[in-house]
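If you want it as structure tokens, here you go:
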């Protein structure tokens, strides 16, 4: 038996934010990030609409990129004091992911982070509050997913939390919020969405319900991401929908080792963080090459290439065409080909090599590895990560 879970309601299109006026409750905590939602006036709108719905509103501001365990605990403490019956989060993936984790600690103060890190081990939520997510970026799709990523900076590890309990009750996908994204963020979040859709399509848990969502998202992202990056706001609006469709697919089909690698390399090095969407974009061509050694996966990649109208008659030719297509998109989006070139070389080569065995082992143990279409062990993972560092061929 399989399961397919989405939010109860999804509002989309122009002025979708006004749907907040229809929520019923007494108190709402609004979780937000670094300030762009306030600068562009969206936070004021959220407050006004919730108050129009008859709610008392409290803000929790300042969620950092790659939200920390500490931020989650602070937000949960605020919620326990205020006792909201709605948690509303607006912004990129970080504040929404943080708010999902806060939700669990609000309703269950005695639960431990170690408990929540076990996939699909959350306690039953909605005993105190419901959840509404409003994305401002077109990539993470956390507004429709059963996932949250929280960083333990002391350990240098990103934890992907997974449980259908944290799928939001309401998602509001309003394209006006996505218009505020700078170019680099547009590129990185867009390739995150492409990775979501491709990994969902080749996942061992793909099904008839997820395949159409994944393929249509891949087609839309292929057509609209580069124009969106170059300032076409009609394409930007379509990308906001495409990333949401990709999220619906991967929340139910799960992901693969591109994400496992991105999770475990993101916060591992002292030189700086590797931004999640950029990591996915760099690793995706290498992982396709690795997974395509598994015939069933190769056939799935070939189907994607055919669906996009890429050139090729054999499975191998179509896989090559898909890899070339992803590489061409990365070039057009000014995304580097490898970790060594990331942000001018901020990741130290020796540190990368010194940490390679432990990072590889952690990546194999990541929650996303289990649904990858080809099995992998720590030795293979280390070799694959080296290919991603130096941009060398994957021939194993």
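In the UniProt record's numbering, the protein residues as written are 1 to 396.
Cβ atoms here follow ideal geometry from the backbone N, Cα and C, with glycine treated the same way.
Delimiting residues of the beta strand (DSSP E) encompassing residue 91: 86-91
Measuring CA to CA, which of 24, 49, 113, 45 is closest to residue 84? 24
How would you label residue 339, buried or exposed, when you count the other beta carbons within 10 angstroms and need 16 or more for buried? buried
Which of helix, strand or coil does DSSP assign to residue 151? strand
I think residue 265 touches residue 359, with their Cβ atoms under 8 Å apart; what is that distance to the nearest whole Å? 6 Å
Select from 130, 181, 208, 68 the residue whose C-alpha is nearest the C-alpha of residue 155. 68
Inspect the beta-carbon positions of residue 90 and residue 37 and report whether they are closer than 8 Å. yes
Using only alpha-carbon positions, find the residue among 268, 261, 306, 273 that is nearest to residue 285. 261
Assess, as a yes-or-no matter, whether the stretch 269-287 is touched by the stretch 323-339 under the definition of 3 or more beta carbon pairs within less than 8 Å. yes
Taking C-beta to C-beta, are residue 202 and residue 256 nearer than 8 Å? yes
Could you check whether residue 146 and residue 210 sit closer than 8 Å to each other, using their CB atoms as the reference points? no
If we call anything under 8 Å between Cβ atoms a contact, is residue 135 one with residue 96? yes
Taking 6 Å as the limit between beta carbons, can you name the residues of its chain near residue 21, skipping five residues before and five after? 49, 52, 53
Out of curiosity, what's the CA-to-CA distance linking residue 29 and residue 175? 23 Å
Buried or exposed: residue 241, going by 16 or more other Cβ atoms within 10 Å of its Cβ? buried
Beta-ladder partner(s) of residue 30, from DSSP: 59, 88
Between residue 6 and residue 167, how many whole angstroms is the CB-CB distance? I'm expecting something under 8 Å. 7 Å
With DSSP as the reference, label residue 78 as helix, strand or coil. helix
In chain order, what residues of the same chain have a beta carbon less than 6 Å from the beta carbon of residue 158, not counting five sequence neighbours either side? 149, 151, 263, 266, 267
Residue 158 (DSSP reduced to helix, strand or coil): strand
Residue 369: which of 396, 59, 259 sits nearest, CA to CA? 259
Here's the rule I'm using: 16 or more other beta-carbon atoms within 10 Å means buried, otherwise exposed. How should residue 289 be labelled? buried
Just tell me which of 115, 395, 382, 195 has its CA closest to the CA of residue 322. 195
Assuming contact is defined by CB atoms lying nearer than 8 Å, are residue 376 and residue 364 in contact in what I supplied? yes
Whether residue 205 touches residue 307 by CB criterion (8 Å): no
Continuous beta strand (DSSP E) stretch holding residue 170: start and end: 170-173
Is the CB-CB distance between residue 60 and residue 75 below 8 Å? yes
Give me the Cβ distance between residue 98 and residue 63, rounded to the nearest whole Å; I'm assuming they're in contact under 8 Å. 5 Å
So, residue 324 versus residue 250, is the Cβ gap smaller than 8 Å? no
Comparing alpha-carbon positions, which option in 381, 392, 226, 243 lies nearest residue 335? 226
Minimum C-alpha distance to residue 231 - residue among 183, 292, 197, 272: 183
Backbone secondary structure at residue 130 - three-state DSSP: strand
Nearest to residue 357 by CA position, among 3, 385, 115, 371, is which residue? 385
Residue 296: CB within 7 Å of a non-hydrogen atom of the ligand NAD: By its list of ligands, the structure shown contains no ligand whatsoever, and the ligand NAD lies outside what it can speak to.
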